[in-house]
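So for the sequence shown, my numbering puts the first residue at 73; every next one is plus one.
Every residue, glycine too, gets a C-beta built ideally from N, C-alpha and C.
Below is one structure, written out as structure tokens; the observations come after it.
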Amino acid sequence: MNDAELAFAKRVVDRAWADLPSKDRSLLAAIRAEERDATDRPLGVYTDELRRSAGYASFPAAERQRQDAAAGLWIPELRLVLLNVAHPSFQDLDQKSLGWALARVAWHEWGHALAFHRATSEDVSRGQELLALAPPSMAENVRSLTTVSASTPTRSSPRLMPC
Ligand SMILES: [Zn+2]
């Protein structure tokens, strides 16, 4: 990953933000979810540094390793969408395909931001019922996240969504 490739990725993420429907962008800005960036570092390692520098405790090693495997993350406490351009899913793509792939991951992460902040207590209380409606692979991912979440040391640290 060279500087030009990383700069390209940062421009793509900025363009993905600009390409959002204005109503969605306004909604994200209202919950302070407009910050975005791209890195070529594993996200568990990198976000752990960012979180600790902001005064948050580290997640357990298993959670950081899970985040290392993510192509993108929404980091609620930092109000940041972050993409790993060096992620294997972005390798060997031509530039146009890479641009599309990065934008889609960024949009996906902004979707997490909205879901995270707009979920009601009723949504949470219906979790098992809603989980039963999800495709099996997604349901399994959510169940594994719930398991890791139970061992997270600080209750004030919101969950990251490593997918
Ligand atoms: Zn996801």
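Between leucine 155 and alanine 81, which are expected to be in contact by the criterion C-beta below 8 Å, what is the C-beta distance as a whole number of angstroms? Indeed they touch by this definition, with Cβ atoms about 7 Å apart.
If you drop the 5 nearest sequence neighbours on each side, which residues of the same chain put their C-beta closer than 8 Å to that of alanine 126? Excluding positions up to five away in sequence, the list reads Glu149, Leu150.
Nearest to glycine 144 by CA position, among Ala133, Ala134, Asp112, Asp164, is which residue? Nearest C-alpha to glycine 144: Asp112.
Determine the burial state of arginine 83: buried for a count of at least 16 other Cβ atoms within 10 Å of its Cβ, exposed for fewer. The residue is exposed, with fewer than 16 neighbouring Cβ atoms inside 10 Å.
Rounded to the nearest angstrom, what separates tryptophan 182 and valine 153 at their Cα positions? Spanning the two alpha carbons is a distance of roughly 7 Å.
Between the Cα of alanine 173 and those of Ala110, Ala206, Arg215, spot the shortest distance and give me the residue it belongs to. Closest by alpha carbon: Ala110.
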